[in-house]
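Number of protein chains: 2
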Amino acid sequence: MTAQDPGARPDWIAVDWGTSHLRVWPMRGGTPLTRLQSDRGMGQLSPDTFEATLVSLLGDWLAGIENRLPVLVCGMAGARQGWREAPYAAVPCTPPVTGVPVETVDPRLAVTILPGLSQTQPADVMRGEETQIGGFLRGTPGFDGVICLPGTHTKWAHVSAQEVVSFRTFMTGELFALLSKQSVLRFSMGEGWDDAAFGDAVGDAMARPATLAADLFGLRAATLLEGLSPGAAKARLSGLLIGVELAGARPYWLGQEIVILGEDGMAGAYRDALVAQGAQVRCVPVDDMTLAGLIAAREKT
Amino acid sequence: MTAQDPGARPDWIAVDWGTSHLRVWPMRGGTPLTRLQSDRGMGQLSPDTFEATLVSLLGDWLAGIENRLPVLVCGMAGARQGWREAPYAAVPCTPPVTGVPVETVDPRLAVTILPGLSQTQPADVMRGEETQIGGFLRGTPGFDGVICLPGTHTKWAHVSAQEVVSFRTFMTGELFALLSKQSVLRFSMGEGWDDAAFGDAVGDAMARPATLAADLFGLRAATLLEGLSPGAAKARLSGLLIGVELAGARPYWLGQEIVILGEDGMAGAYRDALVAQGAQVRCVPVDDMTLAGLIAAREKT
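Those protein sequence lines, which keep their order, are chains Y and R. Going left to right, the first sequence walks through residues 1 to 301 as the UniProt record's numbering numbers them. Going left to right, the second sequence walks through residues 1 to 301 as the UniProt record's numbering numbers them.
Here it is as structure tokens:
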């Protein structure tokens, strides 16, 4: 199947444009014809270079297009420093929310950028994850519970009656990256993993979240004094950070049905920590969710 | 007064050799003849370059020296990657602790490196701060209470009967540096300060330490949604981190006489936060304390 085959011509384009990645699906109804990707994320583009970047990546998929082709974009391309700002929609609301049109020079494109979500009290924002949530809800319309999206900035969203009622963002992933790569703890880290060290650290941190900054330095001391292994140190660092987060996010997950969007190592760590707390939790692949959310947005138009 | 004047010849040398600095005092008894300094810290030296670095910085101050001149060194020069490892002394003990001799090529030097302190449960280490504590105790021999040494790795030490009984290290300063300069929060930070924002954040974090990672991201959200000023964001970041630390260090400071070794902005922030908690606290200049601790070590030999 190629773009030259008229039967394979897209009738709309789905775009996930994050800080460090760009993924594009030429679509025919609810079916992707292919997936194109690039490392030209929003972080390295100025507002006037988005359109040319997209047209270049689409290439032949625009051949023969005569009327403006709907292009739905989610992610950081809608941030203030992105292609064009798509102001946040305030919760409670049902994602995906109607987007903001962007004028293009190329007459073959009709671009719309989906907004992120915001919350006033406590102040919080998301941009991109709301589309994943919308994708999950498209497949599980009756869901009532909590969705956890592990990542650099892990999101916890309370969902009821198709709406995101409230959400909270924890910088746990970014803290892990900074501490394991840039702090004094980098000298203690290495390959490997230790499930027991992870589990113990989750428990320690949930019991005494206030001593986090001391328990962190304790990793370095344990390396120097006790020869703590690099893999155990890494697992313990992850466990301390996730444990403090679970203590802080308890109002979100306690007694709730929890879905973790993700299947990678980080999602597995959250799952293991929650299961150890007796929580009802399942992991769902996140890769399809962004596309499903873009399809849900297309279906709404 | 110059080194060429025989009356000004040092009879020993005091050295503070940290990761990123080197300070050297040619001494006559308890009196420094001058202070020499360099940025050639332990972090940029290999074991075989320490001696030449010291001799070069001393220069003419070694002229006319015939017998081996005692040189007392404290700080990271005694770490495993330093000049020579001076193994930690376990608490409880009275700093400064007897040092470890280092052989030199230069026949005019008799170098001794002072050890740091270690603690088994919870695992913890210090290297350099024990000399500052020893210096403070030289001037305040009857002190019974808690010494707080704010820094990249803030130390809380419980002191009684001239001994360090226990101590705990919090990575608060390093977290502040990483978050304010390298995380997504750097886009929210800037010049200025806001005492009220600092105080509120200390209170918030002491009340709910477990939501630290969410309150941190909340700074970014407040910038985007509410136009939080860069100075208030910086003060609030500092307040959140110090507040969580004070909640975790409560067993150290509650009901104790507290001395903060330091007078800079960070020491002032700790003082303000502790005073708001009704604690008895005073700040003492830290600059002299390292030299006083080295003099105390010299007096013990």
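We treat Cβ as the ideally placed atom computed from N, Cα and C, and that holds for glycine. If you're wondering where the values come from, they're calculated on a predicted model, not measured in any experiment.
| Asked | Found |
| --- | --- |
| Ignoring anything shorter than 4 residues, give me the alpha helix (DSSP H) runs that lie fully in the segment 81 to 163 of chain R, in order along the chain. | 129 to 139 |
| Use the C-beta contact count for W253 (chain R): other C-beta atoms within 10 angstroms, 16 or more gives buried, fewer gives exposed. | buried |
| Keeping to the same chain, check which residues put their C-beta closer than 7 Å to that of G18 (chain Y); ignore five residues upstream and five downstream. | G41, M42, G75, M76, G128 |
| The alpha helix (DSSP H) that contains S238 (chain Y), what's its start and end? | 230 to 248 |
| Compare the C-beta of G248 (chain R) against all C-beta atoms of chain Y and say whether one is closer than 8 Å. | yes |
| Count the other CB atoms, across all protein chains shown, that sit within 10 Å of the CB of residue 313 (chain Y); report buried if there are 16 or more and exposed otherwise. | In the structure as shown, chain Y begins at 1 and stops at 301. Residue 313 (chain Y) is therefore absent and cannot be evaluated. |
| Taking Cβ-Cβ distances below 9 Å as the criterion, which residues of the segment 120 to 151 of chain Y are in contact with chain R? | T120, P122, A123, D124, V125 |
| Along chain R, which residues have their Cβ under 9 Å away from the Cβ of S118 (chain Y)? | A221, L224, L225 |
| Whose Cβ in chain R lies nearer than 8 Å to the Cβ of Q182 (chain Y)? | L178, Q182 |
| Compute the distance between the beta-carbons of V202 (chain Y) and A249 (chain Y), then report whether it is under 8 Å. | no |
| Under a CB-based cut-off of 8 Å, is V244 (chain Y) close to chain R? | yes |
| Are there three or more Cβ pairs, one per stretch, closer than 8 Å when the segment 77 to 85 of chain Y is compared with the segment 45 to 52 of chain Y? | yes |
| To the nearest angstrom, how far is the alpha carbon of M1 (chain Y) from that of A8 (chain Y)? | Only weak support is given to the placement of M1 (chain Y): the predicted model assigns it a pLDDT of 49, under 50, and the value that follows is read from those uncertain coordinates. M1 (chain Y) and A8 (chain Y): Cα-Cα distance of roughly 6 Å. |
| Could you have a look at E51 (chain R) and say whether DSSP puts it in helix, strand or coil? | helix |
| May I ask which residues mark the beginning and end of the beta strand (DSSP E) holding V286 (chain R)? | Looking at the DSSP string, V286 (chain R) is not in any beta strand (DSSP E), and its letter there is neither H nor E. |
| So, for V100 (chain Y): in the same chain, excluding its five sequence neighbours on each side, which residues have a beta-carbon less than 6 Å away from its beta-carbon? | A86, I113 |
| Pick helix, strand or coil for M171 (chain Y), following the three-state DSSP scheme. | coil |
| Please list the partners that E174 (chain Y) has in chain R, where partner means a Cβ-to-Cβ separation under 7 Å. | S183, V184 |
| Less than 8 Å between the C-beta atoms of G243 (chain Y) and M189 (chain Y), yes or no? | no |
| Beta-carbon within less than 8 Å of A177 (chain Y)'s beta-carbon, same chain only, minus the 5 sequence neighbours each way: which residues are those? | T152 |
| Could you compute how far the alpha carbon of M27 (chain R) sits from the alpha carbon of N67 (chain R)? | 15 Å |
| Among Y:D124, Y:G135, Y:G173, Y:A296, which one has its Cα closest to the Cα of A267 (chain Y)? | Y:G173 |
| Compute the Euclidean distance between the alpha carbons of F136 (chain Y) and M289 (chain Y), then round it to the nearest angstrom. | 6 Å |
| Taking the straight line between their C-alpha atoms, what separation do you get for D204 (chain Y) and D215 (chain R)? | 21 Å |
| Is there at least one Cβ from chain Y nearer than 8 Å to M189 (chain R)'s Cβ? | no |
| Do F167 (chain Y) and the ligand NAD come close, with the Cβ less than 7 Å from some heavy atom? | Annotation note on the ligand NAD: not contained in the displayed structure, which lists no ligands. |
| How many angstroms separate the CA atom of G116 (chain R) from the CA atom of V125 (chain R)? | 7 Å |
| To the nearest angstrom, how far is the alpha carbon of L294 (chain Y) from that of L58 (chain Y)? | 17 Å |
| Bridge partners of R28 (chain Y), per DSSP? | Y:T31 |
| Please state the DSSP three-state secondary structure of Q182 (chain R). | helix |
| For G139 (chain R), which residues in the same chain have their Cβ closer than 8 Å to its Cβ, ignoring the five residues on either side in sequence? | A292 |
| List in chain order: all unbroken alpha helix (DSSP H) runs of 4+ residues lying wholly within the segment 197 to 232 of chain Y. | 212 to 226 |
| Here's the rule: buried if 16 or more other CB atoms are within 10 angstroms of the residue's CB, otherwise exposed. What is R35 (chain R)? | exposed |
| Alpha carbon to alpha carbon, how far is G16 (chain R) from A63 (chain R)? | Here the sequence assigns Asp to residue 16 (chain R), which means Gly is not the residue at that position. Spanning the two alpha carbons is a distance of roughly 22 Å. |
| Given that a residue counts as buried once 16 or more other Cβ atoms are within 10 Å of its Cβ, and exposed if not, what is R186 (chain R)? | exposed |
| Quick check: the Cα distance between T104 (chain R) and V111 (chain R), rounded to an integer number of angstroms? | 7 Å |
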